[in-house]
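J.: So that we are looking at the same thing, I have put the structure below in structure tokens.
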Amino acid sequence: MHWIGKSFVITLLCLAVTLMQSPPVQAQTANSSLCFAGYEQSEGDLFERLARGVNFPNWSPLYDGFKPSNEMLLSLQKQGLTHLRLPIDGEQIMPAFSDEQIKRQYLQELESAIIRLQDLGFVISLDMHPGGDFARMHERDPGVGYDQLVLAWDVMTRHLKKLPLKHKDPSRLLLELLNEPAPAEDVWWQQAQELVDHLRSSWPETWLIVGPAFFQRYEVLARAQPLKGEKLIYAVHYYDPFPFTHQAISWDDNSPLKDIAFLPFPLHRKHGAVQAQIADLRQLGKEAAITEIENTTREPWTSERVANDLRKVGQWAKRHEVPVLVNEFGVLTHAVDTKSRLRWLEAVTKGAEDVCLGWTHWDFSDGFGLIAYPEKVPDEMVLKALLDRK
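In mature numbering (1 follows the signal peptide of the UniProt record, and there is no 0), the protein residues as written are -27 to -1, 1 to 363.
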């Protein structure tokens, strides 16, 4: 999620993933793989396990929400969710925002989480995911922000070096440079190259994940050139149409999306629910919200349109022979039609898999999560939308 709270050629074929089956979802598919090129066949297992996953902020000592049991995590893994992306609050380890005691405690908890989750069989990506204070610094003064980012990575990688050898194996642990970088896209891409080169000096075999600026939108990646270096995976985030995926937003009082609720998917202006909502908003004087809806529905939003967006990413990946993940996507559940949410989730995951992109759902158990409340169990309908391709 963005900082305001939350936006190959061995065969040039997809590497098929045959996922284990476990009720209630039959997770057997033939096209849930991440494309790859120019790498040894031994990397295939890593790409299979990266192909489907979920963001897992629940690991953090700062997280006071739902903490799943090992049994629940193993069940989800058996159904096909084999990759966990761990957001790392960079401000906990950046000198400008933290101190030695806070850093030490945070990194000790991270070490414990990595060992626990890898021992359960997950492949782990560590996502440098600082908050708004850092993002504002990085946008305002990219050089100062970059220096803090490098220092954070230096602190974290020194600590990660202490992990037992098997827990820092490149097939089990990946490093993601920065979540949704705030500087201009050309500024960040140059910084990303510098950071890749910097990390390579101490982590030569580790896969690095890098995403573009501007909330990691796919259009920015599609017009970029790949960075120089080996073992790089690219990542985009997908939340379109934004007024649908973020309707009834609760963390930004200035956003007109807070006044929007129960938009459907597929989304088009002539839909009865859309017309009724526009009428209600007009009565309430919520013109900004109406404008958001009207701008979004100039053209209909359908599963085919979502697939077309993701096809552009797949074409970029194939053209440059590099792997790409959609490592954030999801729908806020505060005020959404359940069937519409499920249709959108299926559209994104199917669209990604059809062009050999891996995916990582946002998030685990919070506003976009796949946990059903009040039962605190995995939502079977969400899992089916994500995993079932029959």
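Idealized CB from N, CA, C, for every residue including glycine.
Thinking C-alpha only, which one of Asn31, Gly258, Asp142 and Met101 is nearest Asn43?
T.: Ranking Asn31, Gly258, Asp142 and Met101 by Cα distance to Asn43 puts Asn31 first.
J.: Near Leu49, what residues of its chain come up, given a Cβ to Cβ distance below 7 Å and the 5 sequence neighbours on each side ignored?
T.: Contacts found: Pro351.
J.: With distances taken between CB atoms, is the gap from Glu84 to Pro156 smaller than 9 Å?
T.: Taking 9 Å as the Cβ cut-off, Glu84 and Pro156 do not qualify as a contacting pair.
J.: Which first and last residues belong to the alpha helix (DSSP H) in which Trp332 is found?
T.: No alpha helix (DSSP H) contains Trp332, which is instead part of the beta strand (DSSP E) from Gly331 to His334.
J.: Where does the unbroken beta strand (DSSP E) through Val96 begin, and where does it stop?
T.: Its beta strand (DSSP E) spans residues Val96 to Met101.
J.: Judging by CA-CA distance, which residue of Asp170, Pro137 and Leu90 is the nearest neighbour of Val123?
T.: For the residues Asp170, Pro137 and Leu90, the minimum Cα distance to Val123 belongs to Asp170.
J.: Between the C-alpha atoms of Ala3 and Val279, what's the straight-line distance to the nearest angstrom?
T.: Summary for Ala3: the model assigns pLDDT 35, below 50, so the residue's position carries little reliability; its value from the coordinates is reported in the next sentence. Spanning the two alpha carbons is a distance of roughly 21 Å.
J.: Let me make sure I understand the geometry here. Which of Ile182, Leu133 and Gln288 has the alpha-carbon closest to that of Ala86?
T.: Considering only alpha carbons, the answer is Leu133.
J.: Have a look at the DSSP bridge pairing and note the partners of Trp274.
T.: DSSP lists Leu240 as partners of Trp274.
J.: Under the rule that 16 or more other beta-carbon atoms within 10 Å means buried, what is Leu356, buried or exposed?
T.: Buried is the call here.
J.: Return the chain-ordered list of same chain residues with a C-beta closer than 7 Å to the C-beta of Asp100, the five sequence neighbours on each side being excluded.
T.: Excluding residues within five positions, the ones whose Cβ falls inside 7 Å are Arg58, Leu59, Pro60, Ile61, Glu149 and Asn152.
J.: Starting from Tyr191, trace the beta strand (DSSP E) both ways and give me its first and last residue.
T.: Tyr191 -> not in any beta strand (DSSP E); alpha helix (DSSP H) instead, spanning Tyr191 to Ala195.
J.: Would Leu35 be called buried (16 or more neighbouring beta carbons within 10 Å of its own) or exposed?
T.: That one is exposed.
J.: By how many angstroms is the C-alpha of Asp18 removed from the C-alpha of Arg89?
T.: Approximately 20 Å between the Cα atoms of the pair.
J.: My understanding is that Leu194 touches Trp335, with C-beta atoms under 8 Å, so please give their C-beta distance in whole angstroms.
T.: About 18 Å separates the two Cβ atoms, so there is no contact after all.
J.: For Leu172, which of helix, strand or coil comes out of DSSP?
T.: DSSP places Leu172 in helix when its eight states are reduced to three.
J.: Which of the three DSSP states, helix, strand or coil, is assigned to Ala345?
T.: DSSP places Ala345 in strand when its eight states are reduced to three.
J.: Can you give me the C-alpha to C-alpha distance between Arg362 and Asp310, rounded to a whole angstrom?
T.: So the two alpha carbons sit approximately 22 Å from each other.
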